[in-house]
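Q: Sequences listed follow chains A and H, in order.
Going by the working numbering, the first residue of the first sequence is number 22, and it counts up by one from there.
Going by the working numbering, the first residue of the second sequence is number 11, and it counts up by one from there.
Beta carbons are placed, not taken as given, at the ideal position from N, Cα and C, and that holds for glycine.
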Amino acid sequence: MSAGQYTHDNFTKILIRSQILIALLLLLTLVAADFWFPSAYSLKAGIHGVSAILAVLVGTFLTHRAFPLIKGMKVNLESLRRWLLAATLLNLAGAISGNWIYMRYRGQDGPRDWILAHRPLFHNVLMEFKEFISLFPFPLMLSATVLLYYYGLPMQIRRDLCKFVGITILVSWSFLMLGFVVGLILAKLRFV
Amino acid sequence: MKPDQLQQPSTERTAYTGPAVAASLSVLLAFFTLMVSHHISRLSPGLDNMVHSFGYWIPGSQGSGPDGSIGSYTGKETLALFVWFVSWLLFHVLWRKQNLSLSAWTKVFIAALGLITLGFFHPLSDPIVLFIAALF
Numbered sequence: 022m023s024a025g026q027y028t029h030d031n032f033t034k035i036l037i038r039s040q041i042l043i044a045l046l047l048l049l050t051l052v053a054a055d056f057w058f059p060s061a062y063s064l065k066a067g068i069h070g071v072s073a074i075l076a077v078l079v080g081t082f083l084t085h086r087a088f089p090l091i092k093g094m095k096v097n098l099e100s101l102r103r104w105l106l107a108a109t110l111l112n113l114a115g116a117i118s119g120n121w122i123y124m125r126y127r128g129q130d131g132p133r134d135w136i137l138a139h140r141p142l143f144h145n146v147l148m149e150f151k152e153f154i155s156l157f158p159f160p161l162m163l164s165a166t167v168l169l170y171y172y173g174l175p176m177q178i179r180r181d182l183c184k185f186v187g188i189t190i191l192v193s194w195s196f197l198m199l200g201f202v203v204g205l206i207l208a209k210l211r212f213v
Numbered sequence: 011m012k013p014d015q016l017q018q019p020s021t022e023r024t025a026y027t028g029p030a031v032a033a034s035l036s037v038l039l040a041f042f043t044l045m046v047s048h049h050i051s052r053l054s055p056g057l058d059n060m061v062h063s064f065g066y067w068i069p070g071s072q073g074s075g076p077d078g079s080i081g082s083y084t085g086k087e088t089l090a091l092f093v094w095f096v097s098w099l100l101f102h103v104l105w106r107k108q109n110l111s112l113s114a115w116t117k118v119f120i121a122a123l124g125l126i127t128l129g130f131f132h133p134l135s136d137p138i139v140l141f142i143a144a145l146f
């Protein structure tokens, strides 16, 4: 069934941008609320949550730029590499803040102790998986960013290189989503 | 990008795919190092301490009480960072003027990433790790 002809009229643009803005604010609220949670570690949790969700948002936006790259369509590489650099820095911030909050996770009477006492599989399988795959997006994003700056704008005419960078972005996003969802599950199970 | 830039001949650097393979292979090796060091650290407290010692330079790597510490995770990260940067530099220097098949490499890259990811899933990886550990 056809969804009708797609047009970029002014109303559609306003609608799409409003939807994105609302989603952005709501998703940020989801994690920024951590700052006011009744815990001595709410600041650390909030910083990790905000950097993680910003990394997810920019990473998801980048998947929409990766598809044209893979398909061999013309892409504004100058803009793309700036977005990739932003995604790399956000993923680095997510990893560093993740290390920071991980200290409390492992601390005395912290979430790890509670989870091991009540639902050990969530730590032994889920957390031990999450803590490593959450490190994957940063190096992948960094390698894609470095390649775009290394090859420069003439890379546009190299279909194979564009495709490879596009695939790297998609792969990075999938690890980002995996890590984010598992992180949310664990934070829901036992907050720091 | 202006249209005339598209019609210009590619630069010398653009001609080689080696740097792209070098960048991604080094990332794979870093993830592999993470996986191996993680499994080694789980075999005994002595091995865990050994892996942990590589990460002492990271703030928060040691400590106790409610604030906790990052523990041997810092050692795994340090080893992975070391392997990542050294191998990247090495492969880049070796392959910066080489053309390697990106379509073939993409398949290997994705398959290896998938395998390493499964390597962190304990129900699948533990029997293999214990089998390998029993050989020593």
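Thinking Q129 (chain A) and S111 (chain H) are a contact (beta carbons under 8 Å), I'd like their distance in whole angstroms, please.
A: Sequence index remark: in the first sequence, residue 129 (chain A) carries index 108 (1-based). Sequence index remark: in the second sequence, residue 111 (chain H) carries index 101 (1-based). With 8 Å as the limit, Q129 (chain A) and S111 (chain H) do not qualify as a contact, their Cβ atoms being about 53 Å apart.
Q: Jot down the residue ranges of each uninterrupted alpha helix (DSSP H) in the segment 42-96 of chain A, minimum 4 residues, whole runs only, in chain order.
A: For the segment 42-96 of chain A, whole alpha helix (DSSP H) runs of length 4 or above, ordered along the chain, are 63-92.
Q: How about D55 (chain A) and A66 (chain A): do their beta carbons lie closer than 8 Å?
A: Start at 1 with the first residue of the first sequence, and residue 55 (chain A) comes out as number 34. Start at 1 with the first residue of the first sequence, and residue 66 (chain A) comes out as number 45. Taking 8 Å as the Cβ cut-off, D55 (chain A) and A66 (chain A) qualify as a contacting pair.
Q: Look at the Cβ atom of F143 (chain A), then the Cβ atom of I136 (chain A), and state whether they are nearer than 8 Å.
A: In the first sequence, counting from the first residue as 1, residue 143 (chain A) sits at position 122. In the first sequence, counting from the first residue as 1, residue 136 (chain A) sits at position 115. Going by C-beta atoms, F143 (chain A) is nearer than 8 Å to I136 (chain A).
Q: What separation, rounded to the nearest whole angstrom, lies between the Cα atoms of S113 (chain H) and R125 (chain A)?
A: By 1-based counting over the second sequence, the position of residue 113 (chain H) is 103. By 1-based counting over the first sequence, the position of residue 125 (chain A) is 104. Distance between the alpha carbons of S113 (chain H) and R125 (chain A): 44 Å.
Q: Excluding the 5 residues preceding and the 5 following K107 (chain H) in the sequence, name in chain order all residues of the same chain whose CB lies nearer than 6 Å to its CB.
A: Mapped onto the second sequence, residue 107 (chain H) falls at position 97. The residues are Y26.
Q: L140 (chain H) lies in the alpha helix (DSSP H); which residues open and close that run?
A: To locate residue 140 (chain H), count along the second sequence from 1; it is residue 130. Where L140 (chain H) is concerned, the enclosing alpha helix (DSSP H) stretches over H132 to A144.
Q: At what residue ranges does the segment 56-108 of chain H contain a whole run of the beta strand (DSSP E), taking only runs of 3 or more?
A: As far as the segment 56-108 of chain H is concerned, it has no whole beta strand (DSSP E) run of at least 3 residues.
Q: Give the secondary structure of V202 (chain A) by DSSP, where H, G and I count as helix, E and B as strand, and everything else as coil.
A: Within the first sequence, the letter at position 181 stands for residue 202 (chain A). Helix at V202 (chain A).
Q: Please list, in chain order, the chain H residues whose beta carbon lies closer than 8 Å to that of T189 (chain A).
A: Taking the first sequence and counting its residues from 1, the one referred to as residue 189 (chain A) is at position 168. Within 8 Å Cβ-Cβ: S34.
Q: How would you list, in chain order, the residues of chain H whose beta-carbon sits under 9 Å from the beta-carbon of R127 (chain A)?
A: Locating residue 127 (chain A) in the first sequence gives position 106, where the first residue counts as 1. Per Cβ cutoff of 9 Å: G78, S79, I80, G81 and Y83.
Q: Hey, how far is the Cα of P141 (chain A) from the Cα of R133 (chain A)?
A: Taking the first residue of the first sequence as position 1, residue 141 (chain A) is located at position 120. Taking the first residue of the first sequence as position 1, residue 133 (chain A) is located at position 112. Computed Cα separation, rounded: 9 Å.
Q: Taking CB distances under 8 Å as the criterion, tell me whether P137 (chain H) reaches chain A.
A: Residue numbering aside, residue 137 (chain H) sits at position 127 when the second sequence is read from its first letter. Not one chain A Cβ lies under 8 Å of P137 (chain H).
Q: Rounded to a whole number of angstroms, what is the C-alpha to C-alpha distance between W57 (chain A) and F212 (chain A)?
A: Against the first sequence, residue 57 (chain A) aligns to sequence position 36. Against the first sequence, residue 212 (chain A) aligns to sequence position 191. The straight-line gap from Cα to Cα measures roughly 12 Å.
Q: Tell me which residues share the same chain as L134 (chain H) and place their Cβ nearer than 6 Å to its Cβ, disregarding the 5 neighbours each side in the sequence.
A: Within the second sequence, the letter at position 124 stands for residue 134 (chain H). Once the five neighbours on either side are set aside, the close Cβ partners of L134 (chain H) are L128.
Q: Helix, strand or coil for V46 (chain H)? Go by DSSP, reduced to three states.
A: Here residue 46 (chain H) corresponds to residue number 36 of the second sequence, with the count starting at 1. In the structure shown, V46 (chain H) sits in a helix (DSSP, three-state: H, G or I).
Q: For the segment 105-112 of chain A and the segment 75-86 of chain A, state whether three or more C-beta atom pairs, one from each stretch, are separated by less than 8 Å.
A: Flag = yes, the segment 105-112 of chain A and the segment 75-86 of chain A touch.
Q: I37 (chain A): beta carbon under 7 Å from a heavy atom of the ligand SAH?
A: Absence of the ligand SAH from the depicted structure is noted, as is the absence of any ligand whatsoever, leaving it without description.
Q: How would you list, in chain order, the residues of chain A whose beta-carbon sits under 7 Å from the beta-carbon of H132 (chain H)?
A: As a working note, residue 132 (chain H) is residue 122 in the second sequence. The answer, in chain order, is N145, V146 and E149.
Q: Output the boundary residues of the alpha helix (DSSP H) element that contains D30 (chain A).
A: Walking along the first sequence from the start, residue 30 (chain A) turns up at place 9. Note, D30 (chain A): premise wrong, no alpha helix (DSSP H); not H, not E.
Q: Write down every uninterrupted run of the alpha helix (DSSP H) in the segment 85-160 of chain A whose length is 4 residues or greater and which is fully enclosed by it, in chain order.
A: Segments of the alpha helix (DSSP H) lying fully in the segment 85-160 of chain A: 98-127, 132-139 and 149-154.
Q: Using only CA atoms, which one of A:L36, A:I35, A:K34 and A:L207 lies nearest to M148 (chain A)?
A: Position 127 of the first sequence, counted from the first residue, corresponds to residue 148 (chain A). Nearest of A:L36, A:I35, A:K34 and A:L207 to M148 (chain A), Cα basis: A:L207.
Q: Contact between the segment 154-170 of chain A and the segment 30-39 of chain H is defined here as three or more beta-carbon pairs at a separation below 8 Å; is this criterion met?
A: With a cut-off of 8 Å, the segment 30-39 of chain H and the segment 154-170 of chain A count as touching, because enough Cβ pairs lie within range.
Q: For the segment 186-206 of chain A against the segment 53-61 of chain H, are there 3 or more C-beta pairs whose distance is under 8 Å?
A: No, they do not touch.
Q: Just to confirm the assignment, what range does the alpha helix (DSSP H) spanning G129 (chain H) have?
A: For the purposes of this step, residue 129 (chain H) is identified with residue 119 of the second sequence, where counting begins at 1. Here the alpha helix (DSSP H) through G129 (chain H) covers L112 to G129.
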